[in-house]
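Count the sequence shown with mature numbering (1 follows the signal peptide of the UniProt record, and there is no 0) and you get residues -25 to -1, 1 to 104, in order.
From the three backbone atoms N, C-alpha and C, an ideal C-beta is built for every residue, glycine too.
Structure, as structure tokens:
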Amino acid sequence: MNSLLLLAVAAAAAVCAFVPTPATADPFLCPWRTVAHPEDPFIQNLGSWAVDQQHSVLHFDKVESAKAQGVGDCTSMTRNYELVIDASIRAGSGDYKYRAVVYVTNFTQPQKVISFAAIPPSRRPPAAN
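What follows is the structure, encoded as structure tokens:
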């Protein structure tokens, strides 16, 4: 009987050791890094996709700046992208800026828009030359 009880306790301990806790369930987030070439077609398509997912009345103009953050292993292809997007109600008819964070796995189709919000004029980053 004692050996059966000992076996049950050992099995329960083994199960508990492999169940992720909230602290270990979240992926490791690497530091944000500036994307050197926001004009890259991949970054521009990502910005256009984010605008299309969030607003049917907005017209995507361009991604002005971008940052990337590795998720999990910092060398993996799974990333968060923070994009500063220039968009307008009609093509070229205004100066509206938005900040979008998009989660992408392995440079495939964009997976999820994490956030999308207007940037107030007082908090906009300086325009790139």
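When you compare only the Cα positions, how much space is there between residue 57 and residue 42?
Residue 57 sits at position 82 when you count from the first residue of the sequence shown. Residue 42 sits at position 67 when you count from the first residue of the sequence shown. The C-alpha of residue 42 is placed about 5 Å away from the C-alpha of residue 57.
Rounded straight-line distance, which links the Cα of residue 4 to that of residue 46
Taking the first residue of the sequence shown as 1, we reach residue 46 at position 71. Taking the first residue of the sequence shown as 1, we reach residue 4 at position 29. Between residue 46 and residue 4, the C-alpha separation is close to 5 Å.
So for residue 18, helix, strand or coil by DSSP?
Here the question's residue 18 lines up with position 43 in the sequence shown. In this structure, residue 18 counts as helix in the three-state DSSP scheme.
Contacting residues, own chain, Cβ-Cβ under 7 Å from residue 62 (five flanking each side not counted):
Within the sequence shown, residue 62 is the residue found at index 87, counting from 1. Within the same chain, residue 62 has close Cβ partners 26, 33, 34, 35, 36, 71 and 73.
Environment of residue 8 [buried if 16+ CB atoms lie within 10 Å]
Looking up residue 8 in the sequence shown gives position 33. Label assigned to residue 8: exposed.
Taking DSSP's pairing of strands, which residues face residue 61 in a bridge?
Translated into positions along the sequence shown, residue 61 becomes position 86. Residue pairing from DSSP places residue 61 in a beta bridge opposite 37 and 72.
Residue 44 versus residue 76: straight-line alpha-carbon distance, rounded:
By one-based count along the sequence shown, residue 44 stands at place 69. By one-based count along the sequence shown, residue 76 stands at place 101. Looking at the two C-alpha atoms, the distance is approximately 10 Å.
Where the beta strand (DSSP E) containing residue 168 begins and where it ends
Outside the displayed range of the chain (-25 to 104) lies residue 168, so it cannot be described from this structure.
From the DSSP secondary-structure annotation, give me the bridge partner or partners of residue 11.
Within the sequence shown, the letter at position 36 stands for residue 11. Residue 11 pairs with nothing; no bridge assigned.
Could you pull the DSSP bridge partners for residue 81 from this structure?
Reading the sequence shown from its first residue, position 106 is the one you call residue 81. Per DSSP, none; premise fails for residue 81.
For residue 64, is the classification buried or exposed, using 16 other Cβ atoms within 10 angstroms of its Cβ as the cut-off for buried?
As a first step, residue 64 must be located in the sequence shown, where it is residue number 89. Counting of Cβ neighbours within 10 angstroms places residue 64 among the exposed residues, the total staying below 16.
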